[in-house]
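One structure is given here, and the rest of the page talks about it.
Chains as they are written, first to last, in our numbering: chain A, 1 to 336; chain B, 337 to 672.
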């Protein structure tokens, strides 16, 4: 039987990324980690803390836009790694960066890339402590971050409960509007900054974790709808999202009105925002919101967790199933 | 002045890998790490221990031989990461693997790759705890390992003292003979195993560290001569290596005699062996050797550390400067 099955060779493009991750999880032995594959970070017991580890790999062909400066590439790869620590309420310790670079790359490219990476790390209380350089036909950068969180403050993806309030930090669609602008030749560094220079929500994550009332948390790097579907699967719950409560980025609202776009499509489905999505008991929400807003970042209720496993979006009077618009190609998202 | 300098754009192929690393080190801010760039691992204070972290990236174009099976690729990337922990006397906790894969890769390739990676990790007391999958035109795999070592057992690259005995674990040229066999169409899985399935010297590293007498230690992934030049630079010392004492792999000796090769060229200059190179006061060597040999691995004196900064190789009656035959192209070696 197994021999027969082995003859059915599937290509990853047909398999899709989530199935590829399931395949990987099926192979791996469980080790001494407390939390492994399936959350933003892996976590190990380390005295009273967890040691958090996460890794992200990006490449010029599929993840580095041609308009990104080397400085922005460096900033970006560090920011997306730090975001995984933020989502667990962790404090970053440091990062290692592995650089796969073509021989034709200039030393100025390398210098600027490292300056962007260094500034993003130091701005967020971390540092780049090592790495690797190797030749690669395509610019490919792999960052790995590690940090710590007190065990009783760790915010996992698992834990969402029916009745919980669903909230997001900041605004959505910052990356989406940047992407739209680039596609349509709108040159505006302010608009593309949301896409190329995301801010990991570390301060906010640490504040949230310290309150010890968050039931579940993840970053929405894959987009809001994709993230909700991931929480649904892990927690065996559903969601009711109120479309008009989704906090949209101002640049998005402005451009959408000029270009006659549905801004909510970007807010709901476009990845790359690196905000935090969390669920919390309604009785605790006010305290949570007050604490987060002291960091200068908004926290907005966008719906609630339901027992029914479907994910609905309420738009005025109508209620529809929310499509899963995230990157379910063999293109993105992490298995850690 | 700076503007003028900035116009002299150097390509990395001209710059070379060590200069690229110097450039990177010049850019990075020092953070809270105890030991950063320049050793096999970065190290952070973690109570009475150091947290060790290291990363390695490999790609199909330059580092994955066409004859490697997916299983061997998985084993290899984990083994070379674990070797960095071994060189510091550390105990591995776990690894994360980031996979950049073309869409055309089959699910069987992915499954076998993960099986090789998983077995290498579990064989050495570690586990793969997470990772990332992304599309990449070329198979590119980045592994990051983390582990711990007691602070007073950490074996750094710095510390070699004139008069120290220089020794290596195991035998050299295992990777070299595998490479020669492949280049010359000699199909022999036993011979290529040394190249494709290296064994990280974790047990040996932990035994060495526990003795607390090792003055300096590193792995010789870049080749013996290259490693000696790295220790020379860091420690401001020299070496006298006795060519005939270099423990050569049996397969190498046999093939060299059949093919009329100079086996010592492979033992001295070829990378990929992942043995440990160490220096220790002569009065302690016997104890060290006895302890390492209890693990089933030999430890062989190949020379001593000199005050004179040159590196000589003694061959019978003659003494010559040892050429630095390692990979000083923009191709290899890590900056961590």
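Beta carbons: idealized from backbone N, C-alpha and C, even for Gly. Predicted model only: the values in this text are computed from it and were never measured.
Compare the C-beta of residue i against all C-beta atoms of chain A and say whether one is closer than 8 Å.
| i | result |
| --- | --- |
| residue 349(B) | yes |
| residue 418(B) | no |
| residue 437(B) | yes |
| residue 542(B) | no |
| residue 528(B) | no |
| residue 414(B) | no |
| residue 473(B) | yes |
| residue 490(B) | no |
| residue 554(B) | no |
| residue 569(B) | no |
| residue 559(B) | no |
Could you compute how far the alpha carbon of residue i sits from the alpha carbon of residue j?
| i | j | result |
| --- | --- | --- |
| residue 50(A) | residue 256(A) | 43 Å |
| residue 639(B) | residue 562(B) | 16 Å |
| residue 613(B) | residue 513(B) | 20 Å |
| residue 630(B) | residue 547(B) | 13 Å |
| residue 297(A) | residue 154(A) | 21 Å |
| residue 647(B) | residue 102(A) | 33 Å |
| residue 656(B) | residue 570(B) | 22 Å |
| residue 535(B) | residue 22(A) | 29 Å |
| residue 274(A) | residue 376(B) | 32 Å |
| residue 530(B) | residue 488(B) | 33 Å |
| residue 112(A) | residue 527(B) | 44 Å |
| residue 398(B) | residue 476(B) | 10 Å |
| residue 323(A) | residue 188(A) | 31 Å |
| residue 507(B) | residue 519(B) | 21 Å |
| residue 208(A) | residue 285(A) | 11 Å |
| residue 384(B) | residue 31(A) | 23 Å |
| residue 38(A) | residue 619(B) | 52 Å |
Could you give the DSSP three-state label for residue i: helix, strand or coil?
| i | result |
| --- | --- |
| residue 134(A) | strand |
| residue 483(B) | strand |
| residue 398(B) | coil |
| residue 577(B) | strand |
| residue 207(A) | helix |
| residue 318(A) | strand |
| residue 304(A) | strand |
| residue 587(B) | helix |
| residue 312(A) | strand |
| residue 513(B) | helix |
| residue 428(B) | strand |
| residue 165(A) | strand |
| residue 493(B) | coil |
| residue 623(B) | helix |
| residue 378(B) | strand |
| residue 218(A) | strand |
| residue 3(A) | Bear in mind that a pLDDT of 32 at residue 3(A), under 50, signals an unreliable position, so the model cannot answer this. |
| residue 352(B) | coil |
| residue 385(B) | strand |
| residue 78(A) | helix |
Is any beta-carbon of chain B found at less than 8 Å from that of residue i?
| i | result |
| --- | --- |
| residue 169(A) | no |
| residue 64(A) | no |
| residue 297(A) | no |
| residue 27(A) | yes |
| residue 149(A) | no |
| residue 284(A) | no |
| residue 126(A) | yes |
| residue 47(A) | yes |
So, using beta-carbon positions, are residue i and residue j closer together than 8 Å?
| i | j | result |
| --- | --- | --- |
| residue 431(B) | residue 480(B) | yes |
| residue 348(B) | residue 57(A) | no |
| residue 268(A) | residue 299(A) | no |
| residue 60(A) | residue 45(A) | no |
| residue 239(A) | residue 305(A) | yes |
| residue 264(A) | residue 246(A) | yes |
| residue 541(B) | residue 461(B) | no |
| residue 500(B) | residue 572(B) | no |
| residue 484(B) | residue 418(B) | no |
| residue 127(A) | residue 365(B) | yes |
| residue 85(A) | residue 54(A) | yes |
| residue 505(B) | residue 628(B) | yes |
| residue 266(A) | residue 130(A) | no |
| residue 175(A) | residue 271(A) | yes |
| residue 579(B) | residue 650(B) | yes |
| residue 496(B) | residue 433(B) | no |
Is the stretch 66 to 78 of chain A touching the stretch 108 to 126 of chain A, taking contact as three or more C-beta pairs under 8 Å? yes
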